[in-house]
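The next block holds one structure in the form of structure tokens; read it before the comments.
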Amino acid sequence: GALVYQYPRRTICKSGTSMRMECQAVGFQATSVAWYRQSPQKTFELIALSTVNSAIKYEQNFTQEKFPISHPNLSFSSMTVLNAYLEDRGLYLCGAREGARSDYTFGSGTRLLVI
Amino acid sequence: GEQVEQLPSILRVQEGSSASINCSYEDSASNYFPWYKQEPGENPKLIIDIRSNMERKQIQELIVLLDKKAKRFSLHITDTQPGDSAMYFCAASLSGSFNKLTFGAGTRLAVCP
Chain A
1 GALVYQYPRR TICKSGTSMR MECQAVGFQA TSVAWYRQSP QKTFELIALS TVNSAIKYEQ
61 NFTQEKFPIS HPNLSFSSMT VLNAYLEDRG LYLCGAREGA RSDYTFGSGT RLLVI
Chain B
1 GEQVEQLPSI LRVQEGSSAS INCSYEDSAS NYFPWYKQEP GENPKLIIDI RSNMERKQIQ
61 ELIVLLDKKA KRFSLHITDT QPGDSAMYFC AASLSGSFNK LTFGAGTRLA VCP
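Chains as they are written, first to last, in the working numbering: chain A, 1 to 115; chain B, 1 to 113.
Take a look at the structure:
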């Protein structure tokens, strides 16, 4: 079956530092990868959509300068949170899908705590 | 862009009764509506979905209804069990090569024994 491994599961970083999270798709080709953030007590906000061999599309309020994303092949994607501050804490999810299928397979999430 | 409203935010039911969660969307072009269940500390998992060519879909105790004219869809859990207690999120998207999921705010379901 389709699986997405996301790591690390949890991370703590000091305010102003950066952290990187990675997603690995297994059993399918991750043509598109979506990165979401779930802030405390909130729903999932889309940060950006990445399609292999296409430009990465960021949503309003999220920028490449703050959340650079790499999607170099059909099985891997990474995102970095640069200069993390308190408002960046939350659960970051990557979701990957293959081709024109509509359903995403989500990773286990990276929970970011900023101190 | 698409907006999805989800109600109620908190739902408490007795074990064995039914639970209903309602969502509405704005973009009439949306044609895919998944539902996710999120256990504490875990990632959301797809439990059931419905596409715009259907009005009703059932998987065991889960029933989803879609009213395209009213732009509403709903999840009904029949014969709820304590294991159904979790956060539930509805979402809407437009099929395509670059679609995205827009999530509702979530419903915290508590099934009381």
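Even glycine gets a Cβ: it sits at the ideal position worked out from N, Cα and C.
Note to self: For A/T63 and A/A48, I'd like the C-alpha separation in whole angstroms.
What the structure shows: By 1-based counting over the first sequence, the position of residue 63 of chain A is 63. By 1-based counting over the first sequence, the position of residue 48 of chain A is 48. For A/T63 and A/A48, the distance between alpha carbons rounds to 9 Å.
Check: Using a beta-carbon distance below 8 Å, is B/S97 in contact with chain A?
Finding: Numbered from 1 along the second sequence, position 97 holds the residue referred to as residue 97 of chain B. For B/S97, the predicted structure reports a pLDDT of 45, less than 50, and the residue's modelled location is therefore unreliable. The matter cannot be settled from this model.
Notebook entry, point to check: Using a C-beta to C-beta distance shorter than 8 Å, which residues of chain B count as neighbours of A/S108?
Noted result: Here residue 108 of chain A corresponds to residue number 108 of the first sequence, with the count starting at 1. Ordered by position in chain B, the residues that pass the 8 Å Cβ test against A/S108 are E42 and N43.
Margin query: Tell me the rounded alpha-carbon separation between B/E15 and A/V81.
Written below: On the second sequence, residue 15 of chain B is found 15 positions in, with the first residue counted as 1. On the first sequence, residue 81 of chain A is found 81 positions in, with the first residue counted as 1. Rounded to the nearest angstrom, the two C-alpha atoms are 42 Å apart.
Checklist line | B/S97 versus B/P113 - alpha carbon distance | finding: Counting from 1 along the second sequence, the entry for residue 97 of chain B is found at position 97. Counting from 1 along the second sequence, the entry for residue 113 of chain B is found at position 113. Note that B/S97 scores a pLDDT of 45, beneath 50, so its modelled location is shaky; the value from the coordinates is reported in the next line. The straight-line gap from Cα to Cα measures roughly 45 Å.
Check: By Cβ distance below 8 Å, which residues in the same chain neighbour B/S9 in space, the five residues on each side in sequence not counted?
Finding: On the second sequence, position 9 is the one that residue 9 of chain B refers to. For B/S9, where only same-chain residues beyond five positions count, the Cβ hits under 8 Å are A105, G106, T107 and R108.
Notebook entry, point to check: In whole angstroms, what separates the C-alpha of B/A19 from that of B/S85?
Noted result: Looking up residue 19 of chain B in the second sequence gives position 19. Looking up residue 85 of chain B in the second sequence gives position 85. Rounded to the nearest angstrom, the two C-alpha atoms are 11 Å apart.
Item checked: A/G90 - containing beta strand (DSSP E), residue span -> Position 90 of the first sequence, counted from the first residue, corresponds to residue 90 of chain A. Taken as a continuous stretch (DSSP letters only), the beta strand (DSSP E) holding A/G90 covers G90 to R97.
Next item on the list: Indicate the three-state DSSP secondary structure (helix, strand or coil) for B/P82 in the structure shown.
Entry: For the purposes of this step, residue 82 of chain B is taken as residue 82 along the second sequence, with counting starting at 1. Looking at B/P82 - three-state DSSP - the assignment turns out to be helix.
Note to self: By the DSSP assignment, the beta strand (DSSP E) with A/P72 in it spans what residues?
What the structure shows: Within the first sequence, the letter at position 72 stands for residue 72 of chain A. Start and end: I69 to N73.
Next item on the list: Whole angstroms is fine: what's the gap from A/S77's alpha carbon to B/S17's?
Entry: Numbered from its first residue, the first sequence carries residue 77 of chain A at position 77. Numbered from its first residue, the second sequence carries residue 17 of chain B at position 17. Rounded to the nearest angstrom, the two C-alpha atoms are 43 Å apart.
Item checked: B/E2 in three-state terms, based on DSSP -> Numbered from 1 along the second sequence, position 2 holds the residue referred to as residue 2 of chain B. Coil.
Check: Are any of the Cβ atoms in chain B nearer than 8 Å to that of A/F67?
Finding: Translated into the one-based positions of the first sequence, residue 67 of chain A becomes position 67. Output row for A/F67: interface = no.
Notebook entry, point to check: Applying a beta-carbon distance threshold of less than 9 Å, which residues of chain B neighbour A/D88?
Noted result: The count along the first sequence starts at 1 and reaches residue 88 of chain A at position 88. Near A/D88 there are no residues of chain B at all, since even the closest Cβ is about 19 Å away, more than 9 Å.
Notebook entry, point to check: Nearest to A/A30 by alpha carbon, out of A/T105, A/N61 and A/T110?
Noted result: Taking the first residue of the first sequence as 1, we reach residue 30 of chain A at position 30. The shortest C-alpha to C-alpha distance from A/A30 to any of A/T105, A/N61 and A/T110 is the one to A/T105.
Next item on the list: Determine whether the Cβ of B/S73 lies closer than 8 Å to any Cβ atom of chain A.
Entry: As a position in the second sequence, residue 73 of chain B is number 73, starting the count at 1. Note that residue 73 of chain B is Phe in the sequence shown, not Ser. B/F73 does not count as touching chain A.
Item checked: Backbone secondary structure at A/L86 - three-state DSSP -> Here residue 86 of chain A refers to the residue found at position 86 of the first sequence. A/L86 falls in the helix class under three-state DSSP.
Notebook entry, point to check: Does the Cβ of A/L113 have 16 or more other Cβ atoms within 10 Å, making it buried, or fewer, making it exposed?
Noted result: Residue 113 of chain A sits at position 113 when you count from the first residue of the first sequence. Flag for A/L113 reads exposed.
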